[in-house]
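Trainee: Numbering (our numbering), first residue to last: 35 to 160.
All residues carry an ideal CB built from backbone N, CA and C; glycine is no exception.
Keep in mind that this is a model prediction, so the values were computed, not measured.
#1: Could you please give the first and the last residue of the uninterrupted beta strand (DSSP E) stretch that includes residue 141?
#2: Quick check: what's the CA-CA separation for residue 68 versus residue 150?
#3: Going by beta-carbon coordinates alone, are residue 136 and residue 91 separated by less than 8 Å?
#4: Report yes or no: do the segment 108-115 and the segment 38-57 share at least 3 C-beta pairs separated by less than 8 Å?
#5: If you drop the 5 nearest sequence neighbours on each side, which residues of the same chain put their C-beta closer than 7 Å to that of residue 100?
#6: Under the rule that 16 or more other beta-carbon atoms within 10 Å means buried, what is residue 80, buried or exposed?
#7: Is it buried or exposed, residue 62, if we count other Cβ atoms within 10 angstroms and call 16 or more buried?
#8: Applying the criterion that 16 or more other CB atoms from any shown protein chain within 10 Å of the CB defines a buried residue, is residue 41 buried or exposed?
#9: What residues are listed by DSSP as bridge partners for residue 47?
#10: Do residue 142 and residue 64 count as a contact pair if the criterion is CB distance below 8 Å?
#11: Confirm, please, whether the CB-CB distance from residue 106 to residue 122 is below 8 Å.
#12: Do you know whose CA, among 118, 75, 53 and 83, lies nearest residue 45's CA?
#13: Look up residue 97 in the DSSP assignment and say whether it is helix, strand or coil.
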């Protein structure tokens, strides 16, 4: 895990930290994000904000897809059924956009550089 920053304002059950190796034998659920609110809509909006604020770099995750589910009007209206995913999402919905991938890759490279070069003088470009 290159960077792990759980979101605030919600409960996050996890056992991971930045720098940790995730074994292929590890439980695939790395963290559970839990939001409470006075009603379903308030809790849903808190989850959306939490997923947008959460930082997890270096491992594959479904953060983007979970946010898409929460933002889907049928889900927001409480109309999700066991057929919800098949009805509202195509295969490409499981993957983030190229823009998200590019930004994530750039941030991961920058973080890796700074972790590997802790004494680097940021004022010197050469």
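Mentor: A quick look at the data gives this:
#1: Residue numbering aside, residue 141 sits at position 107 when the chain shown is read from its first letter. Premise fails: residue 141 lies in the alpha helix (DSSP H), 132-150, not in any beta strand (DSSP E).
#2: Looking up residue 68 in the chain shown gives position 34. Looking up residue 150 in the chain shown gives position 116. One C-alpha to the other measures close to 34 Å.
#3: In the chain shown, counting from the first residue as 1, residue 136 sits at position 102. In the chain shown, counting from the first residue as 1, residue 91 sits at position 57. In this structure, residue 91 does not lie closer than 8 Å to residue 136 by Cβ.
#4: no
#5: Taking the first residue of the chain shown as position 1, residue 100 is located at position 66. 85, listed in sequence order.
#6: Taking the chain shown and counting its residues from 1, one reaches residue 80 at position 46. It is buried - the Cβ of residue 80 has at least 16 other Cβ atoms within 10 Å.
#7: Taking the chain shown and counting its residues from 1, one reaches residue 62 at position 28. Exposed, by the Cβ-count rule.
#8: Residue 41 sits at position 7 when you count from the first residue of the chain shown. Buried, because 16 or more other Cβ atoms sit within 10 Å of the Cβ of residue 41.
#9: Along the chain shown, one-based indexing puts residue 47 at 13. Beta-bridge pairing links residue 47 to 66.
#10: Position 30 of the chain shown, counted from the first residue, corresponds to residue 64. Position 108 of the chain shown, counted from the first residue, corresponds to residue 142. No, the pair does not count as a contact, with Cβ atoms beyond the cut-off.
#11: Here the question's residue 122 lines up with position 88 in the chain shown. Here the question's residue 106 lines up with position 72 in the chain shown. Yes, Cβ-Cβ distance for residue 122 and residue 106 is below 8 Å.
#12: For the purposes of this step, residue 45 is taken as the residue at position 11 of the chain shown. For the residues 118, 75, 53 and 83, the minimum Cα distance to residue 45 belongs to 83.
#13: As a working mapping, residue 97 is identified with position 63 in the chain shown. Looking at residue 97 - three-state DSSP - the assignment turns out to be helix.
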